[in-house]
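Residue numbers (our numbering): -19 to 189. Even glycine gets a Cβ: it sits at the ideal position worked out from N, Cα and C. Nothing here was measured: the structure is a model prediction, and the numbers come from that model. Structure record follows, encoded as structure tokens.
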């Protein structure tokens, strides 16, 4: 019971620590503060996953999909939404200082975020009603992404929070319906890849309207 309470408070801890890192490093390295923010979040995700999950639980997160294949396709369709951003701003990847953190984030981030936000938190709230669990994790999922808006124009604004919140809801529903994180991880990879994350954090292209 005590561990479960700690886990349920962990999203707030992650948001608060990420905000402090964002504010502190913005004074030192400006928009490049996205790197220490991400590294801090990855360390926190890893800690909570290691501390509160089991090997069997992780295996279950990666088991074959159950239910209708349509839910898996829905997850992937969400992943394709930022494709137009990728096509329009591919030229921002000309420097290795941009494309290297972009590709590393696209490869690593989906695993840690989905294991934590969908796997760990939704499993911890599995005795709640389905929508209470989905809304809880999706709310903090969107708020934690809003931290990047402290230093980045592209990632700031209420519309970014709403878009991430809706994305979190869709992937949470997909996990609930399919009982696997496979498709959520794949879709999350597509979003991070097509969003040109590092270029966006550095405001190398104009904010989408």
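DSSP places residue 104 in the uninterrupted alpha helix (DSSP H) bounded by 101 to 104. For residue 30, the enclosing alpha helix (DSSP H) begins and ends at 14 to 32. Bounds of the alpha helix (DSSP H) holding residue 81 are 76 to 93.
Close CB contacts of residue 181 within its chain, under the 7 Å cut and outside five residues either way in sequence, are with 11, 14, 128, 132, 135 (chain order). Assignment of residue 134 by DSSP, reduced to helix, strand and coil, places it in the coil class. Take residue 73, set aside five residues on each side of it, and the residues of its chain with a beta-carbon closer than 8 Å to its own are 79, 82, 176, 179, in chain order. Between residue 59 and residue 161, the C-beta gap is not smaller than 9 Å, which leaves the two residues out of contact.
Of all C-beta pairs linking the region 81 to 97 to the region 16 to 35, three or more are shorter than 8 Å, placing the two stretches in contact.
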